[in-house]
Every structure is written in C-alpha cells, then in structure tokens.
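Undergrad:
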Amino acid sequence: MFGVEKSRFDTVNRPAAGIPGMSEATNPFESLQEQIDDAAAYLDAGVDVIERIKRPERVLETNLTFERDDGSLETIRAYRSQFNGDRGPYKGGIRYHPGVTRDEVKALSGWMVYKCAVVDIPYGGGKGGIAIDPADYSEAELERLTRSFATELRPLIGEDRDIPAPDVNTGQREMNWIKDTYETLERTTAPGVITGKAIDSGGSAGRVEATGRSTALAARETFDWLGDSIEGKTVAVQGYGNAGSIAAYLLADLGAEIVAVSDSAGGIYDPNGFDARDVRRHKAETGSVTGYEGTEPVTNDELLTLDVDLLVPAALENAIDADLATEVSADVIAEAANGPLTPGADAELAGRDVLVIPDIFANSGGVTVSYFEWVQNRQRFSWTESRVNEELERVITNAFGDIVDAYETHDLPNLRTAAYVVAIGRVLDAYDQAGNWP
Ligand code: NAD
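The following block contains the structure:
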C-alpha cells in the first residue's frame, strides 16, 4: 500500500540492557517515582508527605462496550487517573494506543502534576487512555467508543474538576465529541470541560503548535544559558507527529539545521539539512517521512545516536534505554515526548555530561496553551495567535529561569532534578496551605 506507515503504532519499548543479566525497569510509573525520590532528597519534606505525592489519588478503570459497524459488540478497557489536585483541577490528555496500561496512565498523570507546577499554571494532573489501535476502527466506531468513554467520564470531569485534552492518536475530533457528549448530558454549554478543541468549537489559536513551540523555546533558552546559541546547531528529531514535526520547523525558524527526522516507518538523514516544513508535506502526502528526496535512510536507533548538537525524542516513552544511551552522541537532548529516557539512560547520560532538558518543562507548551484555551472559554473571549504565543514565551522563559535558579542555588545534579524540585516544592506548598482534611 502506497506510503502508509507499516507500524504506525509501534511502541518504542525495547528490552533494556544496563546491568548484564538484569533488565532495567522501564515501567513508566516506577520511573516517575524514582524521579520524585531523586528530587525529594533535596527538599525539606517528610517521607510521609513525599509518599502522598508519588501515587494517584484515584484511577477509574472501565470497560467500554460499543457497537462495531457490522452490528457486533466489542468491549475495550479504558482508564482515567487523577493524580493530584492540590493546585487546581486535574488536567491531562487522553491517549488511544495499544500500549496503554494502568501504570502508563498513572505515570503520565503524575508527570502532568509536575509539568503544570513547573510552569506555574493552576492545575493538578490527570491522564486517560484507551488500549486500542485506532487504525483498526472506522470513524463512526471511534465516535461511538469516544462518546461511551465520555459518558463514563462525565461524573469525574468538569470545567473546575478534571479537564481532559488530546494526547497520542487523539486530536480535535475526539475533543469535540467529548465536549458535545458532556454538554448534551449536562444540558449546558461548558467548552472549558476539555481543551485541544477545534477553533470553531472553542479551541485556541496556537494550541496545535504549542508543544513544538515550547520545545523549540526550551532549546533556545538552554543554548543561550550555556553561552552559546541555537543558531546553526544540528538537530535530529525522533517522531514526526504533532510535537516532533512542529518542534523541527520552529527550531529551523530559530536558525537551527534539521539533519535527521524519523517516524515509526523509518528515518531520513542529510548532513547538510533539509526543509522541515516540506518533510511535513511529504509525510502528509505519503504517510511517512521516509523516501524524502535528497536524503539517505536511517533507522531509529541510528538517528538517536547521530553526532548532532541537539536530539529531540518526540515519539513515546523509553525510546532511549541505558544500553542505547552509551551510544548517544548529542550534546543536548530536549525531551518533547513524555518519559523518552529510562532512568538508566538518564544516569548514563548525566555521567557523560549530556545536558537533558526535561520533558515536564520542554513539552509543557501543550498544557500551557490548553490553560489559555480554558481561560478564554471561561471568559468567552478569544485571544489572537500572537497574544497566545507571547504569553507562552513568557511562561517558558520564566519557568526556565526558575529551574536554572534552583539548579544553581541548590547545586543540583541536573535540570530534571531542578525542575522537580521547583514543581514538587509548589505542590507541597499548596498542600501545606490547605492542610490535611479530613
Ligand atoms: P503523534 O501521534 O502526533 O506523533 C507521534 C509520532 O511518533 C508519529 O510520527 C509516529 O510515527 C512516531 N513514532 C511512533 N513510534 C515510533 C518509533 N518507534 N520510532 C520513531 N517514531 C515513532 O503524537 P504527539 O502528540 O506528537 O506526541 C508525541 C509525544 O509527545 C508523546 O510522548 C506525547 O505524550 C508527547 N506530548 C504531546 C503533546 C501534544 O500536545 N501533542 C503535549 C505534551 C507531550
């Protein structure tokens, strides 16, 4: 079949190596808990308080039965994890992917708590997912399944309660269905119940580009902080979807040279660089980045180990494990994806002075502009795209300042720990001010 990605929904999990004979933990929930423990060591907080913020407050596990186009019924498992609401309503995306598990959703919901806190927006964290490959279903089937999920979510979500958003393999279409189901059942209008909507359904200008934009801004700030500049830097991007492809062309706009990109069908490389926007057009037309004119093919592992100034993993969790990390040659890694490095990879890269811009900061543009969308929905007033982009830039540069300040003041080992120290400190302050009740 022409151009359609062979394995669009491959996960990037691979058996981890690390210590011979042992397998490295790649359970994302365990990774999250390790990251919290690493930061907690630098915080003046009791173990009891830290334990409380290492696990979700509640997880909905539900089995959705919906009708297939042939009239048969199918039952599929779905989750929504509400991790922590100390700083505001739970906030986080809904993912459709065969690799969705309860632990993955729990981890992703925790990362949302610390992501919202590090950029100082007034939300807690949540996440949801359905364990399907959407490519196996028609649009009508996906609509029935999504509306069934929205019906189950209805008592849990709400503009001031829990606000879902898109994630891997969901987008404006699914958000519009969820909003419509909720509003119909509640007999109200409440566009702020969900973000990532189409503009005419209450979405925000700039939302689609926001995650790639924060990744590019985070990289710019980091090179500036190093006394260098993003201009002229070579970049490789793994994953050419929403986050990766937009980060690529915005980095190019800042003067960087995109030399390699990939998707689940394979990668392309040209040491002299290529036009990232034109590769998006090629992918839209053919289904993959592969075969783009003037480039040579590379595998995903080759791309991740290319000798570039900046590597942007923008696919799924665990893309780089401890074993592969020994071969990574990039100087800086900007985590556009959530959890692309295993803790073993993180330790290996830290030992080799590879600077990692952590996911909870680098990809926080998506939730930040979701927050702007929600603010606009509550005010029933739309902002211009330039206002959205200016406010996003302000949030990202302020957050980078806070992270660097924590890193330098407390002599922290890396920017990830610094980001968690800032974020956990804010969550603990809110909890402390509210007090434990009942
Ligand atoms: P997407 O579905 O638009 O794109 C994912 C891309 O990764 C696709 O090009 C796919 O082909 C590719 N891919 C999948 N498996 C791969 C593999 N094994 N090797 C190479 N490429 C592979 O998803 P997205 O929205 O861009 O999300 C990507 C990551 O960014 C996820 O970790 C997501 O949680 C994170 N993220 C996204 C947003 C957002 O607003 N979209 C916000 C924050 C974080």
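Position in the sequence shown counted from 1, then plus 3, gives you our numbering. C-beta atoms are modelled at their ideal positions from N, C-alpha and C, and glycine is treated no differently. Since this is a predicted model, take the numbers as computed values, not measurements.
Whose C-beta lies closer than 7 Å to the C-beta of T149 among residues of the same chain, with five residues either side of it excluded?
TA: On the sequence shown, residue 149 is found 146 positions in, with the first residue counted as 1. Counting only Cβ-Cβ distances below 7 Å, and skipping sequence neighbours, we find E177, W180 and I181.
Undergrad: Skipping 5 residues on each side, what residues in its chain have a beta carbon closer than 7 Å to that of E394?
TA: Residue mapping note: residue 394 aligns to position 391 of the sequence shown, counting from 1. Hits under 7 Å: F375.
Undergrad: Does the region 231-239 come within contact of the region 255-262, defined as at least 3 CB pairs closer than 8 Å?
TA: Yes, they touch.
Undergrad: Could you name each continuous beta strand (DSSP E) segment of 3 residues or more that falls completely within the region 350-397, going from the start of the chain to the end?
TA: Taking only runs of at least 3 residues, the beta strand (DSSP E) segments lying wholly in the region 350-397 are 358-360.
Undergrad: Given the structure, does D170 come close to ligand 1, in the sense that its CB is under 7 Å from one of the ligand's heavy atoms?
TA: Reading the sequence shown from its first residue, position 167 is the one you call residue 170. The answer is yes for D170.
Undergrad: Where does K130 sit, in a helix, a strand or coil, going by DSSP?
TA: If you number the sequence shown from 1, residue 130 lands on position 127. Residue state, collapsed to three classes: strand.
Undergrad: Check whether the region 362-381 and the region 206-218 are in contact - that is, three or more C-beta pairs closer than 8 Å.
TA: Touching, yes, given that three or more Cβ pairs across the two stretches are closer than 8 Å.
Undergrad: Between the region 36-50 and the region 75-83, can you find at least three pairs of beta-carbon atoms closer than 8 Å?
TA: The region 75-83 vs the region 36-50: no contact.
Undergrad: For a test of the three-state rule: what should DSSP assign to I233, helix, strand or coil?
TA: Reading the sequence shown from its first residue, position 230 is the one you call residue 233. The answer is coil: DSSP assigns I233 none of H, G, I, E or B.
Undergrad: Going along the chain, which residues of its own chain have a beta-carbon closer than 7 Å to the beta-carbon of D435, five neighbours each way excluded?
TA: Against the sequence shown, residue 435 aligns to sequence position 432. No residues qualify anywhere along the chain.
Undergrad: Would you say the region 303-317 touches the region 279-288, given that touching needs at least three Cβ pairs under 8 Å?
TA: Output reads no: the region 279-288 does not touch the region 303-317.
Undergrad: Around the C-beta of N341, are 16 or more other C-beta atoms found within 10 angstroms, so that it is buried, or is it exposed?
TA: Counting from 1 along the sequence shown, the entry for residue 341 is found at position 338. Classification of N341: buried, given that the 10 Å Cβ count is 16 or more.
Undergrad: Can you check the region 104-150 for any beta strand (DSSP E) of at least 3 residues that lies completely inside it and give the ranges in chain order?
TA: DSSP runs (the beta strand (DSSP E)) wholly in the region 104-150: 128-133.
Undergrad: Taking 8 Å as the threshold (C-beta atoms), are A318 and A120 in contact?
TA: Along the sequence shown, read from residue 1 onward, the residue named residue 120 stands at position 117. Along the sequence shown, read from residue 1 onward, the residue named residue 318 stands at position 315. The answer is no: Cβ separation not under 8 Å.
Undergrad: Going by CA-CA distance only, name the one from P274, L344 and G294 that's closest to D310.
TA: Numbered from 1 along the sequence shown, position 307 holds the residue referred to as residue 310. D310 has its Cα closest to that of P274, out of P274, L344 and G294.
Undergrad: Leaving out the 5 sequence neighbours to the left and right, which residues in its chain are closer than 7 Å to R71 when beta-carbon positions are compared?
TA: Along the sequence shown, one-based indexing puts residue 71 at 68. Same-chain partners within the cutoff: E77 and E144.
Undergrad: Between the alpha carbons of S26 and T65, how many angstroms are there, rounded?
TA: Against the sequence shown, residue 26 aligns to sequence position 23. Against the sequence shown, residue 65 aligns to sequence position 62. With a pLDDT of 46 at S26, under the threshold of 50, the modelled position of that residue is not reliable, and the figure given next carries that caveat. If you take the alpha carbons of S26 and T65, they lie about 31 Å apart.
Undergrad: In whole angstroms, give me the CA-to-CA distance for P167 and N439.
TA: What you label residue 167 is simply residue 164 of the sequence shown in a count that begins at 1. What you label residue 439 is simply residue 436 of the sequence shown in a count that begins at 1. Going by the C-alpha atoms only, they are around 26 Å apart.
Undergrad: Hey, how far is the Cα of V262 from the Cα of G294?
TA: Stepping through the sequence shown from its first residue, residue 262 is reached at position 259. Stepping through the sequence shown from its first residue, residue 294 is reached at position 291. Straight-line Cα distance between these residues: approximately 14 Å.
Undergrad: Can you list, in chain order, the residues of its chain with a C-beta nearer than 6 Å to that of V171? Leave out the 5 residues immediately preceding and following it.
TA: Along the sequence shown, one-based indexing puts residue 171 at 168. These residues qualify, in order along the chain: R98 and H100.
Undergrad: For the structure I just gave you, are there three or more beta carbon pairs, one from the region 106-114 and one from the region 345-356, closer than 8 Å?
TA: The region 106-114, when compared against the region 345-356, does not touch it at the 8 Å Cβ threshold.
Undergrad: According to the neighbour-count rule (16 or more other Cβ atoms, all chains shown, within 10 Å of its Cβ), is N401 buried or exposed?
TA: Start at 1 with the first residue of the sequence shown, and residue 401 comes out as number 398. Per the 10 Å Cβ criterion, exposed.
Undergrad: Which value, in whole angstroms, describes the spacing of the CA atoms of R429 and D139?
TA: Residue 429 sits at position 426 when you count from the first residue of the sequence shown. Residue 139 sits at position 136 when you count from the first residue of the sequence shown. C-alpha separation (whole angstroms): 42 Å.
Undergrad: Note down the Cα distance separating A433 from D89, rounded to an integer number of angstroms.
TA: Residue 433 sits at position 430 when you count from the first residue of the sequence shown. Residue 89 sits at position 86 when you count from the first residue of the sequence shown. The straight-line gap from Cα to Cα measures roughly 6 Å.
Undergrad: Taking its Cβ as the centre, do 16 or more other Cβ atoms sit within 10 Å of A279, making it buried, or is it exposed?
TA: Reading the sequence shown from its first residue, position 276 is the one you call residue 279. Classification for A279: buried.
Undergrad: Would you mind stating whether Q38 and Y410 have Cβ atoms separated by less than 8 Å?
TA: Here residue 38 refers to the residue found at position 35 of the sequence shown. Here residue 410 refers to the residue found at position 407 of the sequence shown. The answer is no: Cβ separation not under 8 Å.
Undergrad: Could you work out which residue in N245, G127 and A44 is closest to T173 when comparing CA atoms only?
TA: Indexing the sequence shown from 1 puts residue 173 at position 170. Taking only the C-alpha atoms, the option nearest T173 is N245.
Undergrad: For F32, list the residues DSSP reports as bridge partners.
TA: Counting from 1 along the sequence shown, the entry for residue 32 is found at position 29. For F32, which the question treats as bridged, DSSP gives no partner whatsoever.
Undergrad: Report the residue ranges of all beta strand (DSSP E) runs contained in full by the region 40-105; include only those spanning at least 3 residues, in chain order.
TA: For the region 40-105, whole beta strand (DSSP E) runs of length 3 or above, ordered along the chain, are 61-70, 76-87 and 93-99.
Undergrad: Do you know offhand how far I271's Cα is from R61's?
TA: Counted from its first residue, the sequence shown places residue 271 at position 268. Counted from its first residue, the sequence shown places residue 61 at position 58. Cα to Cα, the separation comes out at about 43 Å.
Undergrad: Would you please state the rounded distance, in angstroms, between the beta carbons of L156 and R83? I believe it to be under 8 Å.
TA: Counting from 1 along the sequence shown, the entry for residue 156 is found at position 153. Counting from 1 along the sequence shown, the entry for residue 83 is found at position 80. That pair is a contact at about 6 Å.
Undergrad: Got a sec, what are the start and stop residues for the beta strand (DSSP E) I181 sits in?
TA: As a first step, residue 181 is located in the sequence shown; it is residue number 178 there, counting from the start. Not the beta strand (DSSP E): I181 falls in the alpha helix (DSSP H), residues Q175 to E189.
Undergrad: So, helix, strand or coil for A259, using DSSP?
TA: Counting from one through the sequence shown, the residue named residue 259 turns up at place 256. Coil, per DSSP.
Undergrad: Relative to the alpha-carbon of F69, which residue among L63, P158, F152 and F403 has its alpha-carbon at the smallest distance?
TA: Here residue 69 refers to the residue found at position 66 when the sequence shown is read from its first residue. When each option's Cα is compared against that of F69, the closest is F152.
Undergrad: Look up V301 in the DSSP assignment and say whether it is helix, strand or coil.
TA: Residue 301 sits at position 298 when you count from the first residue of the sequence shown. The answer is strand: DSSP assigns V301 an E or B state.
Undergrad: Assign P194 to one of three DSSP states: helix, strand, or coil.
TA: Residue mapping note: residue 194 aligns to position 191 of the sequence shown, counting from 1. Reduced to three states, the DSSP call for P194 is helix.
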